[in-house]
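Here the structure comes first, spelled out in structure tokens, and everything after it is commentary.
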Ligand SMILES: [Zn+2]
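Numbering (this note's numbering), first residue to last: 163 to 621.
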């Protein structure tokens with residue numbers, strides 16, 4: 163329930179992510195009307211009274227987490243059906259996605275939101291996979307979460323069942339989507355332009371969508387997961403690498419978020435950095451799907467150039483989990499191994515990507531991403547009274563290398579406690595789990611997309 167004011171008192175370690183990256187021991191935070199009013203030592207805030215006080219003595223408190231690329235529509239009901247060696251599940255993915263009904267998408271979304279908020283995510287970007295946002299609005303409202311939505315559009319042929327429209331219609335649909343959705347739920351919903359990728363959209367469409375985004379002062383995201391063949395095609399077709407092509411047509415710069423960004427070269431890193439373009443990277447998807455991070459991953463180079471990177475979980479059938487703490491862990495360990503260099507992607511950088519830099523990558527950094535007076539009150543309290551948090555000397559290392567999202571105890575979004583002592587109060591979980599399992603059965607029967615359920619004898 164909404165609180166007029168909330169105080170978290172005697173916090174064991176408060177990771178502020180402020181300008182100096184202060185970590186305050188025995189800290190307190192005062193929240194009033196959805197905003198952080200005061201931050202400091204508990205003794206400094208001893209006079210601060212609040213309607214509710216949360217005891218932070220065993221808590222590590224961080225800013226809320228941002229998930230910059232999270233397809234939330236189809237996958238929960240069929241999570242885990244693809245065998246490991248299924249080379250390219252994408253054709254099945256888009257067929258399953260396009261077969262979802264309104265009611266099915268609502269329930270899958272609700273389950274996704276529960277998994278997100280319970281592991282500390284306060285904001286995610288769905289890259290246009292939600293077909294029935296009207297039906298899902300209630301779920302966003304109930305969960306109290308922040309969402310960046312859009313309608314996925316393409317106007318060229320693609321090997322997948324993507325929504326394809328004549329360019330003028332794609333532009334009109336994007337424009338009306340943004341007009342309708344941007345700013346709903348007290349600003350917790352943002353609407354962006356969402357062309358699927360440069361390979362599936364004409365130059366004219368990409369430029370028109372960028373204009374729409376600029377006119378509405380909002381963002382644009384697209385898949386930029388190029389790979390060897392796409393790069394060669396781009397050079398043949400446009401005379402440029404994929405990123406240089408986007409620059410040549412003006413679809414780059416602040417407010418443009420490139421998803422995945424594997425397989426870019428030094429010139430493209432430079433282009434992204436110089437233009438203020440931002441990036442969402444999905445380290446667990448990259449590893450699980452064998453995308454060749456040692457060869458194609460450029461996270462350290464992007465970080466070195468100051469590019470704002472958000473982490474993403476992609477989809478419950480790509481990374482399979484929606485836990486940004488596990489994504490932080492993968493980001494921090496993946497490049498140490500890939501480069502055989504322990505200096506790559508320190509734990510602190512991983513935490514920055516999940517919080518402040520993620521918020522900046524999603525154009526929300528002015529209001530969110532750190533715990534500072536004046537910012538919106540999005541906070542995550544980790545319960546350290548658990549074996550994986552012991553012993554506790556360096557809370558950043560413990561968070562990134564020991565813990566996962568299951569030690570998230572309490573989550574506050576816009577000053578409202580949405581996860582309270584490990585529990586959410588907006589959905590009946592056992593009933594929902596049964597419902598989503600049933601949806602998965604129906605969806606597989608309807609589409610004929612099924613796989614042997616186990617390599618081992620089961621029954
Ligand atoms: Zn995607």
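Backbone N, C-alpha and C define an ideal beta-carbon position, used for all residues, glycine too.
Say the cut is 7 Å; is the CB of residue 421 nearer than that to a heavy atom of ligand 1? yes
Give a yes or no on whether 8 Å exceeds the smallest Cβ distance from residue 351 to chain D. No chain D appears in this structure, which consists of one protein chain only.
Is residue 288 near ligand 1, going by C-beta to nearest heavy atom under 7 Å? no
So, is residue 600 buried or exposed, given that buried needs 16 or more other C-beta atoms within 10 angstroms? exposed
Excluding the 5 residues flanking residue 243 on each side, which residues of the same chain have their C-beta closer than 6 Å to its C-beta? 613
Give the DSSP-derived three-state secondary structure of residue 128 in the structure shown. The requested residue 128 is not part of the displayed model; the chain covers only 163 to 621.
Going by beta carbon distance, what residues of the same chain come within less than 6 Å of residue 216, once the five residues before and after it are set aside? 170
Excluding the 5 residues flanking residue 583 on each side, which residues of the same chain have their C-beta closer than 8 Å to its C-beta? 571 and 572
May I ask which residues mark the beginning and end of the beta strand (DSSP E) holding residue 173? 167-177
My assumption, with CB atoms under 8 Å, is that residue 410 sits in contact with residue 362. Please give the rounded CB distance. The pair is not a contact, with the Cβ atoms about 18 Å apart (cut-off 8 Å).
Coarse secondary structure for residue 471, derived from DSSP in three states: strand
Look up residue 163 in the DSSP assignment and say whether it is helix, strand or coil. In this prediction, residue 163 scores a pLDDT of 46, lower than 50, which makes its location untrustworthy; no coordinate-derived value is stated.
Tell me which residue opens and which closes the alpha helix (DSSP H) that residue 571 is part of. No alpha helix (DSSP H) holds residue 571; the beta strand (DSSP E) holding it covers 570-575.
Let's test the definition: count the other Cβ atoms within 10 Å of the Cβ of residue 109 and tell me whether it reaches 16, buried, or not, exposed. With the chain covering only 163 through 621, there is no way to say anything about residue 109.
Expected contact under 8 Å - CB spacing of residue 576 and residue 304 to nearest Å: No, residue 576 and residue 304 are not in contact; Cβ-Cβ is about 14 Å, not under 8 Å.
Less than 8 Å separating the beta-carbons of residue 432 and residue 403? no
Whole angstroms is fine: what's the gap from residue 505's alpha carbon to residue 560's? 18 Å
Complete alpha helix (DSSP H) runs within the stretch 206-282 (minimum length 4 residues, chain order): 252-261 and 264-280
DSSP beta-bridge partners for residue 615? DSSP, once it has assigned bridges, lists no residue as partnering residue 615.
Rounded to a whole number of angstroms, what is the C-alpha to C-alpha distance between residue 579 and residue 306? 9 Å
First and last residue of the alpha helix (DSSP H) that includes residue 620? Taken as a continuous stretch (DSSP letters only), residue 620 belongs to no alpha helix (DSSP H), as it is neither H nor E.
Could you pull the start and end residues of the alpha helix (DSSP H) that residue 339 belongs to? 329-343
Unbroken alpha helix (DSSP H) run spanning residue 519, endpoints: 518-523
In the DSSP assignment, the alpha helix (DSSP H) including residue 386 goes from what residue to what residue? Unbroken run through residue 386 is the beta strand (DSSP E), 382-386; no alpha helix (DSSP H).
Just checking residue 231 against ligand 1 - is the residue's beta carbon closer than 7 Å to any of the ligand's heavy atoms? yes
Answer yes or no: the CB of residue 476 versus the heavy atoms of ligand 1, is any distance below 7 Å? yes
What are the boundary residues of the beta strand (DSSP E) that residue 544 is part of? 541-545
Taking the alpha carbon of residue 396 as the reference point, which residue from 213, 425 and 604 has its own alpha carbon closest? 425
With distances taken Cα to Cα, identify the nearest neighbour of residue 232 among 327, 518, 546 and 311. 311
Tell me the residue span of the alpha helix (DSSP H) that contains residue 406. 404-410
For residue 555, count neighbouring C-beta atoms within 10 Å of its own C-beta (all shown protein chains included) and say buried if the count is 16 or more, exposed if not. exposed
Straight-line gap, residue 264 to residue 210 (C-alpha atoms, nearest Å): 47 Å
For residue 396, which of helix, strand or coil comes out of DSSP? helix
Look at the Cβ atom of residue 441, then the Cβ atom of residue 449, and state whether they are nearer than 8 Å. no
Straight-line Cα distance separating residue 536 from residue 237: 37 Å
So, is residue 381 buried or exposed, given that buried needs 16 or more other C-beta atoms within 10 angstroms? buried
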